[in-house]
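A.B. asks:
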């Protein structure tokens, strides 16, 4: 090797920093492209979803405006929802929509599959449920509704109900007086007999041919009040709560005129003494000839006639006559009446909503009762109260307190909403839809506002059933 040879210098490595910068720029560029792509896809989906909502009024109601609707509910109704149901006003409206949809599906199933359909209800979690004896028949109904297999279809339940009614006739008068109602219990797929735990009630035993029935005894400790339509010989006329000209109805009459839930009364004679018989005005309606009427309970007219009542007066203005009873039915299984209003009050009542402390609650339609659905009522005695429908089909017996022990068996729906004598005839709503007419308080301890107030149940007459019997009559809705 040449001693003068010098190895060439090793060239320095190429700088790597520019490579890292280039890779970083490339990564950022790709990320931006991906983000733009995702944004475009997401935006398209949102636009499509909003478009679908606009096209579907039900979805729009549930998604876009449910909270807004809840906020617009009257404050006293919202307070009653929270107190009586333990849920928010928004949840009340949501459950009411679910119940309305379930009632429509149940009507279809009852008509299309009477041999397999076994009732419907809202469970304790707010889920809608339909019962079927054959699950294949259940497949054609809404997938949003849970289906359960049961042993009894609607026909069998009706047969068991008829057998229970026949058994009731075989009891002594004292035992019959202890039975408040006979319910179709869709949740348990059975007939439920509700009995007071009085000595007469405790003497009742379940017969062998009704072994599948559910017998339930209700406590009666403390002070009890008879059913509003059942006077005892030593008490004032049924529903007889003296009108108070200084205060009017239980609901604060802040808005003028006359509204559903207001009190009305007839001057009657009971045991030789002058007194008043008071009930509550129900939903506003228009008859076939354009006449404006107010729905109320048939037993209110029955008792008015019984005690020689005549013209009807508004409780908040006790010297002003508002009209007279028109069509009325108070024979098994019905309990409804209409009040034909005079010209002055007809004009005021045509667009009437339901009394609240501020703006009225206006009705948006009708619906059928569903077991487990929320329901609220307005009445002249206890104002707004809320609860649950305990049975969509009940025969309320009412602990007969008539002197002769007879009492018409009225078909309606069971309700645990607190009500008091005088609330009869008032409106029941599920959501903002009319569902029933106040009909019966079974047994009450205390007032609705009392901490320990309780009752063994109550009942209302379905408004849709009344309308079916009155061709040409329509509720005035908004």
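In our numbering, the protein residues as written are 35 to 512. Ideal Cβ positions, reconstructed from N, Cα and C, are used throughout, including at glycine. None of the values given here were measured: they were computed from a predicted structure.
(1) How many angstroms separate the CA atom of residue 505 from the CA atom of residue 369?
(2) Name the residue from 215, 241, 231 whose alpha carbon lies nearest to the alpha carbon of residue 254.
(3) With DSSP as the reference, label residue 354 as helix, strand or coil.
(4) Rank 316, 328, 342, 327 by C-alpha distance to the C-alpha of residue 301 and give the top, closest one.
(5) Under a Cβ-count criterion, where at least 16 other Cβ atoms within 10 Å of its own Cβ denotes burial, should residue 240 be classed as buried or exposed?
(6) Going by C-alpha to C-alpha distance, which of 383, 345, 332, 123 sits closest to residue 365?
(7) Please tell me whether residue 386 and residue 318 are closer than 8 Å, where the distance is taken between their beta carbons.
(8) Evaluate the contact criterion for the stretch 384-403 versus the stretch 459-467: three or more CB pairs, one atom per stretch, below 8 Å.
(9) Taking only three categories from DSSP, how would you classify residue 501?
(10) What number of angstroms, rounded off, separates the C-alpha of residue 229 from the C-alpha of residue 346?
(11) Where are the beta strand (DSSP E) runs, 3 residues long or more, that stay fully inside the stretch 322-389, in chain order?
(12) In three-state terms, what does DSSP make of residue 466?
(13) Assign residue 305 to one of three DSSP states: helix, strand, or coil.
(14) Among 310, 320, 454, which one has its Cα closest to the Cα of residue 352?
(15) Could you give the first and the last residue of the continuous beta strand (DSSP E) run that contains residue 101?
(16) If you measure from the CB of residue 419, is any heavy atom of the ligand PLP nearer than 7 Å?
(17) Can you tell me which of 458, 508, 203, 183 puts its alpha carbon nearest to the alpha carbon of residue 320?
(18) If you follow the alpha helix (DSSP H) that residue 546 is part of, which residue opens it and which one closes it?
(19) If you follow the alpha helix (DSSP H) that residue 132 is in, where does it begin and where does it stop?
(20) In terms of alpha-carbon separation, which member of 340, 233, 133, 329 lies closest to residue 303?
(21) I need the straight-line Cα distance from residue 316 to residue 330, nearest angstrom please.
(22) Residue 397 and residue 468: beta carbons closer than 8 Å?
(23) Write down every uninterrupted run of the beta strand (DSSP E) in the stretch 397-422 whose length is 3 residues or greater and which is fully enclosed by it, in chain order.
(24) Which same chain residues, not among the five before or five after residue 482, have their C-beta less than 7 Å away from its C-beta?
(25) Return the chain-ordered ranges of every alpha helix (DSSP H) run that is complete within the stretch 153-212 and spans a minimum of 4 residues.
(26) For residue 449, does the three-state DSSP call read helix, strand or coil?
(27) Measure the CB-CB distance between residue 472 and residue 457 and report whether it falls below 8 Å.
(28) Taking the C-alpha atoms as reference points, what is the distance between residue 389 and residue 294?
(29) Pick from 291, 150, 186, 226: whose alpha carbon is nearest that of residue 249?
(30) Using C-beta distances below 6 Å, list every residue in its chain close to residue 174, excluding the 5 sequence neighbours before and after it, in chain order.
(31) Quick one: Cα of residue 313 to Cα of residue 155, how far?
(32) Distance check for residue 99 and residue 85, CA to CA, integer angstroms please.
(33) At which residues does the beta strand (DSSP E) containing residue 496 begin and terminate?
(34) Would you say residue 187 and residue 167 are within 8 Å of each other, going by their C-beta atoms?
(35) So residue 426 and residue 383 are in contact, right, with Cβ under 8 Å, and what is the actual spacing, rounded?
C.D. replies: Inspection of the coordinates gives the following:
(1) 17 Å
(2) 231
(3) strand
(4) 342
(5) exposed
(6) 332
(7) yes
(8) yes
(9) helix
(10) 36 Å
(11) 326-330, 346-348, 351-363, 370-375
(12) coil
(13) coil
(14) 310
(15) Taken as a continuous stretch (DSSP letters only), residue 101 belongs to no beta strand (DSSP E), being part of the alpha helix (DSSP H) at 100-106.
(16) You won't find the ligand PLP in this model; it holds no ligand whatsoever.
(17) 508
(18) Any answer about residue 546 is impossible in this case: the structure gives the chain only from 35 up to 512.
(19) 123-146
(20) 340
(21) 5 Å
(22) yes
(23) 408-413
(24) 416, 419, 452, 454
(25) 169-172, 188-203, 207-211
(26) strand
(27) yes
(28) 6 Å
(29) 226
(30) none
(31) 31 Å
(32) In this prediction, residue 85 has a pLDDT of 41, which is less than 50 and means its spatial position is unreliable; what the coordinates show is noted afterwards. Cα to Cα, the separation comes out at about 15 Å.
(33) 492-496
(34) yes
(35) Going by Cβ atoms, the distance from residue 426 to residue 383 rounds to 29 Å, so no, they are not a contact pair.
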